[in-house]
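Each residue of the sequence shown is one higher than the one before, starting from 153 at the first, in our numbering.
Cβ atoms here follow ideal geometry from the backbone N, Cα and C, with glycine treated the same way.
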Amino acid sequence: KAVVPGLTGRDQAFLREAYRRYRLQSKLPTELVRKIAKETSLALAKWAEAREKADFAIFSGNLETILTLVREKADALGYEEHIYDPLLAEFEPWMKTKELREVFQSVQNGLTALLSRITASGTIVESSFLKREYPVEKQRQLSLSVLKSMGYDFKYGRLDLSTHPFTITLGPADVRLTTRYDRNFFPKGLFGTIHEGGHGLYELGIAPELHGSLLADGTSMGIHESQSRLWENFVGRSRAFWRWFYPQVKELFPAALADIDLDTFYRGINRVEPSFIRVEADEVTYNLHIILRFNLERALVSGDLKVKDLPEAWNQESRELLGITPPDVSLGVLQDIHWSMGGIGYFPTYALGNLYAAQFFKTLKKELPRAEAEVEGGNFSAVLVWLREKIHSPGKVYTAGELCTRVTGETLNPDYYLQYLEEKYSAIYGF
Numbered sequence: 153k154a155v156v157p158g159l160t161g162r163d164q165a166f167l168r169e170a171y172r173r174y175r176l177q178s179k180l181p182t183e184l185v186r187k188i189a190k191e192t193s194l195a196l197a198k199w200a201e202a203r204e205k206a207d208f209a210i211f212s213g214n215l216e217t218i219l220t221l222v223r224e225k226a227d228a229l230g231y232e233e234h235i236y237d238p239l240l241a242e243f244e245p246w247m248k249t250k251e252l253r254e255v256f257q258s259v260q261n262g263l264t265a266l267l268s269r270i271t272a273s274g275t276i277v278e279s280s281f282l283k284r285e286y287p288v289e290k291q292r293q294l295s296l297s298v299l300k301s302m303g304y305d306f307k308y309g310r311l312d313l314s315t316h317p318f319t320i321t322l323g324p325a326d327v328r329l330t331t332r333y334d335r336n337f338f339p340k341g342l343f344g345t346i347h348e349g350g351h352g353l354y355e356l357g358i359a360p361e362l363h364g365s366l367l368a369d370g371t372s373m374g375i376h377e378s379q380s381r382l383w384e385n386f387v388g389r390s391r392a393f394w395r396w397f398y399p400q401v402k403e404l405f406p407a408a409l410a411d412i413d414l415d416t417f418y419r420g421i422n423r424v425e426p427s428f429i430r431v432e433a434d435e436v437t438y439n440l441h442i443i444l445r446f447n448l449e450r451a452l453v454s455g456d457l458k459v460k461d462l463p464e465a466w467n468q469e470s471r472e473l474l475g476i477t478p479p480d481v482s483l484g485v486l487q488d489i490h491w492s493m494g495g496i497g498y499f500p501t502y503a504l505g506n507l508y509a510a511q512f513f514k515t516l517k518k519e520l521p522r523a524e525a526e527v528e529g530g531n532f533s534a535v536l537v538w539l540r541e542k543i544h545s546p547g548k549v550y551t552a553g554e555l556c557t558r559v560t561g562e563t564l565n566p567d568y569y570l571q572y573l574e575e576k577y578s579a580i581y582g583f
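Rendered as structure tokens:
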């Protein structure tokens, strides 16, 4: 973060990013990098086998090895406070473990209280209609339509199928999306597509003058995730969005939705129910899944938690945070691929994305008072222009913290996220 006199802000940012990357590359011994590459390749296959057979012992030895190498990596990169800091910084530069713990504790307190009120309300939200038959080809038609409406230009990309949705940038004018469909679970395809569309719009919105430089990228994984979550949840799960979009959906799937009105559909796609699987979690419980993983991987890296005790520790955290216990390890500790790939420090960026998205969206609505009315009319151009100007175009010129302050006038504040959920779900669940 050193300042060099005479450099412009953009040049200063370029120097900062160049040094960050140089430091990451130069501090890691070649042999350590080789070992990590080899062991994660082996671990990935063992993880897949262990998950399929619901047998943690198949993977535990590989995880032990990966943790040893990850600790060596953290030591090589160096840290002042916590061994988790350099691992987190790989995905969320300039964020510290101490800061994240404070933010997540506030989020946990708010979410567990909200979840208790939702449960106590006794309100039953019907959602079984989402598991009726929705032909895949019509789902694809819907996905293409919503991406075009969001502002994704198919001259600069395409939408394809994959086992797990992702976005890949092949160049400044070539950003491709993938999604997946389930003919018996409608939300998977549509919301996966909107989510990846948010990532794609971020990549396509980076200022042309940054193309070809180190600054032509999302400034952090948390900020990148904020763009996908903002479109997926703050826009895509809003009542305004469905006032516009539901007639199109109902026209495409008349048999599945003949008896379902707009209000029932809106409530159904926003149903809250603690579940075992992170990627299937609702808005209220999703960040609790992330906090669970943050707590465990931090303890694993620091040596406070042994690998042999991990499955039970996972179950205990699940009981405390979500009130449920996975029936087996495939629905618990083995559900995610990240640790088998050495991606310790990545999970928090998902939760940070939700927090940043809430803060950005609050500011967006303040600066664009007609945003909700525009969305209700199927016009997303004002939202996209605002995001392009404020968040997309700067690329990595600003750090995540700097960008948040420039856009919203304050540093990251989880209260906006909690207020958003409180307002939305108190209306749905009547408390």
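- In the three-state scheme derived from DSSP, where H, G and I count as helix and E and B as strand, Asp305 is classed as coil.
- The bridge partners DSSP lists for Arg328 are Ile320.
- By the Cβ-count criterion, Gly529 is exposed, with fewer than 16 other Cβ atoms from all chains shown falling within 10 Å of its own Cβ.
- As computed with DSSP, Leu240 is found in no beta bridge at all.
- If you look at Asp312, you'll find it in the beta strand (DSSP E) that goes 311-313.
- Using a Cβ-Cβ distance cut-off of 8 Å, the region 360-379 and the region 331-340 are not in contact, since fewer than three pairs of beta carbons, one from each stretch, lie closer than that value.
- Distances from the alpha-carbon of Leu311 to those of Thr345, Phe428, Ser279 put Thr345 closest.
- The beta carbon of Met493 lies closer than 7 Å to those of Thr192, Leu196 in the same chain, with the five residues before and after it left out.
- Around the beta-carbon of Thr437, 16 or more other beta-carbon atoms lie within 10 Å, marking it buried.
- By alpha-carbon distance to Ile412, the top candidate from Glu289, Lys179, Ser279, Leu362 is Ser279.
- The Cβ-Cβ distance between Val259 and Pro500 does not fall below 7 Å.
- In this structure Thr319 is not in contact with Gly274, their Cβ atoms being roughly 40 Å apart against a cut-off of 8 Å.
- Close CB contacts of Leu221 within its chain, under the 8 Å cut and outside five residues either way in sequence, are with Leu184, Lys187, Ile188, Glu191, Gly494 (chain order).
- Going by beta carbons, Ala407 and Glu524 fall outside the 7 Å limit.
- With the rule of 3 Cβ pairs closer than 8 Å, the region 347-361 counts as touching the region 537-550.
- According to the DSSP assignment, Val277 belongs to no alpha helix (DSSP H), since it is labelled neither H nor E.
- Taking 7 Å as the cut-off, the Cβ atoms of Ala509 and Phe386 count as close.
- Here Gly374 is not near Gly262, since their CB atoms are 7 Å or more apart.
- Of the other Cβ atoms in all chains shown, fewer than 16 fall within 10 Å of the Cβ of Gly158; this residue is therefore exposed.
- Boundaries of the alpha helix (DSSP H) around Gly350: 338-356.
- Per DSSP, the unbroken alpha helix (DSSP H) holding Phe393 starts and ends at 391-404.
- Lys576: member of the alpha helix (DSSP H) spanning 567-581, first to last residue.
- Exclusion of the five residues before and after Arg175 leaves Leu229 as the residues of its chain whose Cβ lies within less than 8 Å of its Cβ.
- Residue Thr515 holds the alpha-carbon nearest to the alpha-carbon of Leu564 among Ala209, Thr515, Thr330, Ser268.
- When C-alpha distances from Gly323 are compared across Leu570, Glu355, Glu562, Asn336, the shortest belongs to Glu355.
- Under the three-state reduction of DSSP, Arg335 is assigned to coil, being neither helix nor strand.
- If you draw a straight line from the Cα of Lys542 to the Cα of Leu180, it comes to about 35 Å.
- Nearest C-alpha to Val327 among Asp305, Leu313, Asp334: Asp305.
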